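>
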Amino acid sequence: TTAVRRQLGQDDADTTLLAHRADCYWYIWREQYDAGQPACEAVVATQRRVDPADRNALIKARTNLAVLHSRAGRSVQAEEQFGRIRHEFAALGDDSSPTWLRASYLHAMNLLALARYDEAGRLLETVHRGSVDALGEDNPHTLEVQLGLGRLYLERARAGEALPLLQHVHAAYARQFGEDNHYTIDARTTLEAARCALGMGGTGCP
Numbered sequence: 284t285t286a287v288r289r290q291l292g293q294d295d296a297d298t299t300l301l302a303h304r305a306d307c308y309w310y311i312w313r314e315q316y317d318a319g320q321p322a323c324e325a326v327v328a329t330q331r332r333v334d335p336a337d338r339n340a341l342i343k344a345r346t347n348l349a350v351l352h353s354r355a356g357r358s359v360q361a362e363e364q365f366g367r368i369r370h371e372f373a374a375l376g377d378d379s380s381p382t383w384l385r386a387s388y389l390h391a392m393n394l395l396a397l398a399r400y401d402e403a404g405r406l407l408e409t410v411h412r413g414s415v416d417a418l419g420e421d422n423p424h425t426l427e428v429q430l431g432l433g434r435l436y437l438e439r440a441r442a443g444e445a446l447p448l449l450q451h452v453h454a455a456y457a458r459q460f461g462e463d464n465h466y467t468i469d470a471r472t473t474l475e476a477a478r479c480a481l482g483m484g485g486t487g488c489p
């Protein structure tokens, strides 16, 4: 995208921002996190130059950069971005919008990767309640948050609490997307881990 823009001589700030944003999304979608870092960082820098007062746009730009860092295993760098995102949400007075719910879920999963379990648990529980209220208990985002909660409980050796959450997630995903969908498979794998931890047996148990 950037090369095409330059060939066409379209170097104005707005077009540059759109090009960096498209590149950032493309690299994340392709799971090319190291290659995508310059583009995602450029979105943040260009957004601040084009319209620093647009906090929602800056939040989305920083969230993409944080996701890229987190998925590349750079959880500390991701946490730096999530800290700035929290500041932007606080300035907006936003603690319940769909954008806040999504960014906060991603933040919680980064905290989980950092083994900051108490913080991750508090945030996941808050986001789950908010997502149920705003979107419904079977909404795909709510199910994703619930799966995250299940994983947290497994990490804390609380498989008994994880089991009903994971059973619901797996059943809802299977109903909505089918048994062979990657969301359903992911939920089933985590559910089997909970069953194993509880001594219930299963194909994935050692």
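Heads up, the working numbering is the position in the sequence shown plus 283, with the first residue counted as 1.
Even glycine gets a Cβ: it sits at the ideal position worked out from N, Cα and C.
Treat the numbers as computed from the prediction; the structure is a model and nothing was measured.
Can you list, in chain order, the residues of its chain whose CB lies under 7 Å from that of residue 456, leaving out five sequence neighbours each side?
426, 464, 466, 467 and 470
> Contact criterion: CB-CB distance below 8 Å. Does residue 477 meet it with respect to chain C?
The structure shown has no chain C; it contains just one protein chain.
> Rounded to the nearest angstrom, what separates residue 299 and residue 325 at their Cα positions?
Near 9 Å, if we compare the C-alpha coordinates of residue 325 and residue 299.
> Quick check on the burial criterion: 16 or more other C-beta atoms within 10 angstroms. Buried or exposed for residue 291?
Confidence at residue 291 is low in this model, with a pLDDT of 43, below 50, so the placement of that residue should be treated as unreliable; the coordinate-derived value is given next. With fewer than 16 other Cβ atoms within 10 Å, it is exposed.
> Does the region 408-424 touch the region 360-377, meaning 3 or more C-beta pairs lie closer than 8 Å?
no
> Where does the unbroken alpha helix (DSSP H) through residue 295 begin, and where does it stop?
Neither: residue 295 is in no alpha helix (DSSP H) and is coded neither H nor E.
> Based on Cα-Cα distance, which residue from 358, 315, 305 and 338 lies nearest to residue 392?
Answer by Cα proximity: 358.
> If I follow the unbroken alpha helix (DSSP H) through residue 362, where does it start and stop?
358-375
> Going by the beta-carbon positions, is the gap between residue 344 and residue 316 smaller than 8 Å?
no
> Take residue 515 and list the residues in its own chain whose beta-carbon comes closer than 7 Å to its own, dropping the five residues that flank it on each side.
Nothing in the structure corresponds to residue 515, since the chain is present only between 284 and 489.
> According to DSSP, is residue 290 part of a helix, a strand, or is it coil?
Caution is warranted here: a pLDDT of 46 is assigned to residue 290, below 50, making its placement in the model unreliable, and no coordinate value can be reported.
> Quick check: the Cα distance between residue 450 and residue 474, rounded to an integer number of angstroms?
About 7 Å.
> Between residue 518 and the rest of its own chain, which residues show a CB-CB distance below 8 Å, the 5 nearest in sequence each way excluded?
For residue 518 there is no data in the structure shown, the boundaries of the chain being 284 and 489.
> Which same chain residues end up closer than 7 Å to residue 287 when comparing Cβ atoms and leaving out the 5 residues on each side of it in sequence?
At residue 287 the pLDDT is 45, less than 50, meaning the model places this residue with poor confidence; the figure from the coordinates comes in the next sentence. So the list is empty, once near-sequence residues are dropped.
> Please report the straight-line C-alpha distance between residue 472 and residue 308, rounded to a whole angstrom.
28 Å
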